[in-house]
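Each residue of the sequence shown is one higher than the one before, counting from 263 in my numbering. Below is one structure, written out as structure tokens; comments come after it.
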Amino acid sequence: MEITAALPSGLTTRPLTTDDLRAAFEVYSQAEIADVGTLMIEPEDIESDWDRASFDISTQSVGVFEGEHLVGAAEVFKARRAEAAVLPDHRGRGIGVWLAEWTEQVARRDGGAKVGQTCFRGSGGEQLLRARGYDDAWTSWVLELPADRPVMAQPLPPGYTIREAVAGAEDRDVFQVIEDAFNEWPDRTPSTFEDWYPRLMGRRGFEPWQIRVAVDGDDRVVGAACTILDSAGEAYIDQLAVRSDQRGKGLARSLMADAFAQGRERGAARFGLSTDSRTGALGLYEKVGMKVTQTWVALALDLAPEA
Numbered sequence: 263m264e265i266t267a268a269l270p271s272g273l274t275t276r277p278l279t280t281d282d283l284r285a286a287f288e289v290y291s292q293a294e295i296a297d298v299g300t301l302m303i304e305p306e307d308i309e310s311d312w313d314r315a316s317f318d319i320s321t322q323s324v325g326v327f328e329g330e331h332l333v334g335a336a337e338v339f340k341a342r343r344a345e346a347a348v349l350p351d352h353r354g355r356g357i358g359v360w361l362a363e364w365t366e367q368v369a370r371r372d373g374g375a376k377v378g379q380t381c382f383r384g385s386g387g388e389q390l391l392r393a394r395g396y397d398d399a400w401t402s403w404v405l406e407l408p409a410d411r412p413v414m415a416q417p418l419p420p421g422y423t424i425r426e427a428v429a430g431a432e433d434r435d436v437f438q439v440i441e442d443a444f445n446e447w448p449d450r451t452p453s454t455f456e457d458w459y460p461r462l463m464g465r466r467g468f469e470p471w472q473i474r475v476a477v478d479g480d481d482r483v484v485g486a487a488c489t490i491l492d493s494a495g496e497a498y499i500d501q502l503a504v505r506s507d508q509r510g511k512g513l514a515r516s517l518m519a520d521a522f523a524q525g526r527e528r529g530a531a532r533f534g535l536s537t538d539s540r541t542g543a544l545g546l547y548e549k550v551g552m553k554v555t556q557t558w559v560a561l562a563l564d565l566a567p568e569a
């Protein structure tokens with residue numbers, strides 16, 4: 263695999279290792295603060311991505327180093343989704359271009375027909391990728407419940423209950439409800455239980471209350487809300503889904519309100535989630551009083567086969 267973009271003299275590259283977690287977090291977090299103005303990513307987010315069964319850190323990650331100092335990093339998941347960042351004070355040196363080409367080459371090498379990244383709208387990363395020919399795939403929004411708005415309980419239809427998922431016994435039921443719902447989206451790469459598990463249940467610090475399920479009269483899981491309580495005190499719904507034949511009954515609203523209430527009981531001061539244009543759910547969240555705080559754009563590039 264040959265990268266045609268040139269790096270400045272003195273910079274070196276190698277695959278990342280798990281020992282680079284803290285350094286990688288510094289790169290991604292500083293880039294996020296520079297682009298977005300706030301910090302959302304946590305070390306556990308990177309760690310759980312690296313723990314996915316389908317991810318090989320030795321062949322699907324790279325770091326750019328100045329001496330021993332990590333100044334840029336990138337990963338490619340399933341020959342499709344890329345993540346890349348450069349320390350703000352090292353931008354403008356061609357590192358971002360080199361990392362973009364590296365992600366494209368890795369995705370192509372691993373059999374991908376398309377590669378993409380999600381960028382904060384208006385960021386330098388968006389401009390760089392558009393200059394390389396990337397096109398819009400979808401738009402994503404981060405929403406937050408204003409601090410002065412109470413978490414209002416949403417009524418459940420008769421015969422349904424919301425409760426904590428039974429750890430171990432219902433893990434795969436929760437995964438299947440979420441996976442089936444998310445696979446209705448266009449241009450989505452299906453996941454596996456082994457890739458999904460590290461994001462939530464296998465995450466460092468996970469507690470059982472973070473997985474709440476809606477069950478029917480036969481106690482079958484028909485919906486789920488998976489919440490992350492971050493170090494800044496935000497209860498963030500990472501995944502929310504209802505089985506297709508159970509929609510239109512208000513279960514999603516009930517699960518969302520319940521998840522936020524669970525977070526508030528554990529000290530959360532802020533409440534958020536994200537959605538994108540593939541789901542058609544933006545209006546649902548706005549109706550319960552949530553406000554868009556950030557807009558992101560997913561950009562994708564069709565990959566021509568190597569000659």
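The beta-carbon is built from N, C-alpha and C at its ideal position, and this holds for glycine as well. The model shown is predicted, which means the values in this text are computed figures rather than measured ones.
Among the options, the one whose alpha carbon lies nearest that of residue i
i, options, result
"W471", "F455, R425, L502", "R425"
"A296", "A369, A347, P412", "A347"
"V359", "F317, I265, R474", "I265"
"P412", "A531, Q367, A362", "A531"
"Q524", "A503, G510, A497, L544", "A497"
"K376", "T401, L301, F339, G512", "F339"
"E441", "S316, D351, Y547, L502", "L502"
"R355", "D435, V326, L535, T380", "V326"
"F444", "G299, D564, K511, V504", "V504"
"D500", "I303, D282, A286, M263", "I303"
"V483", "T423, K511, P452, A519", "T423"
"P305", "T280, T401, A268", "T280"
"A409", "T274, G510, W558, F533", "F533"
"R370", "E328, D351, M263", "M263"
"A268", "T401, S385, D372, W364", "W364"
"G495", "T454, A487, S385, E527", "E527"
"V554", "T489, A476, T401", "T401"
"V481", "G510, P448, A427", "A small fix is needed here, since residue 481 is Asp in this sequence, not Val. Per the Cα distances, A427."
"E328", "G272, A336, V550", "G272"
"A476", "E469, L544, Y396, R515", "R515"
"R314", "G467, L462, G510, D564", "L462"
"V550", "A566, D564, F522, L563", "F522"
"S323", "E366, E406, F437", "E366"
"Q416", "D282, R284, L546", "L546"
Residue environment, residue i, which counts as buried when at least 16 other CB atoms sit within 10 Å
i, result
"R465", "buried"
"Q389", "exposed"
"G374", "buried"
"G387", "buried"
"S493", "exposed"
"M414", "exposed"
"M552", "buried"
"G334", "buried"
"A341", "buried"
"T274", "exposed"
"T489", "buried"
"T454", "exposed"
The beta strand (DSSP E) enclosing residue i, as first and last residue numbers
i, result
"K376", "376-382"
"L561", "553-564"
"F444", "Premise fails: F444 lies in the alpha helix (DSSP H), 433-444, not in any beta strand (DSSP E)."
"E328", "323-328"
"S516", "Note, S516: premise wrong, no beta strand (DSSP E); alpha helix (DSSP H) at 513-527."
"D318", "Taken as a continuous stretch (DSSP letters only), D318 belongs to no beta strand (DSSP E), as it is neither H nor E."
"D500", "496-504"
"A336", "331-339"
"R343", "343-348"
"T537", "532-538"
"E426", "423-426"
"R276", "273-276"
"A486", "483-491"
Sub-9 Å separation of residue i and residue j beta-carbons
i, j, result
"R446", "S539", "Residue 446 is actually Glu in this sequence, not Arg. Not closer than 9 Å, so no."
"G529", "L491", "yes"
"I357", "P277", "no"
"A293", "L349", "yes"
"G485", "G421", "no"
"R343", "Q379", "yes"
"Y459", "D433", "yes"
"L418", "G512", "yes"
"D457", "A487", "no"
"E337", "D372", "no"
Expected contact under 8 Å - CB spacing of residue i and residue j to nearest Å
i, j, result
"V404", "Q508", "No, V404 and Q508 are not in contact; Cβ-Cβ is about 27 Å, not under 8 Å."
"A429", "A560", "A429 to A560, Cβ: 33 Å. No contact."
"I308", "Y290", "7 Å"
"R450", "L517", "With a Cβ gap of about 21 Å, R450 and L517 do not count as contacting."
"A362", "R392", "The pair is not a contact, with the Cβ atoms about 11 Å apart (cut-off 8 Å)."
"W558", "F382", "6 Å"
"L563", "Y396", "5 Å"
Residue span of the alpha helix (DSSP H) that contains residue i, given as start and end
i, result
"I357", "357-371"
"R292", "Checking the sequence, you will find Gln at residue 292 rather than Arg. Counting along the chain, the alpha helix (DSSP H) containing Q292 begins and ends at 283-298."
"S310", "305-312"
"L546", "544-549"
"R392", "386-393"
"F403", "Checking the displayed sequence, the identity of residue 403 turns out to be Trp instead of Phe. Not the alpha helix (DSSP H): W403 falls in the beta strand (DSSP E), residues 397-407."
"E469", "Here E469 belongs to no alpha helix (DSSP H), and DSSP marks it neither H nor E."
"E456", "455-458"
Contact with chain D by residue i, beta-carbon distance below 9 Å
i, result
"D520", "Within the model displayed, chain D is absent; a lone protein chain is all it includes."
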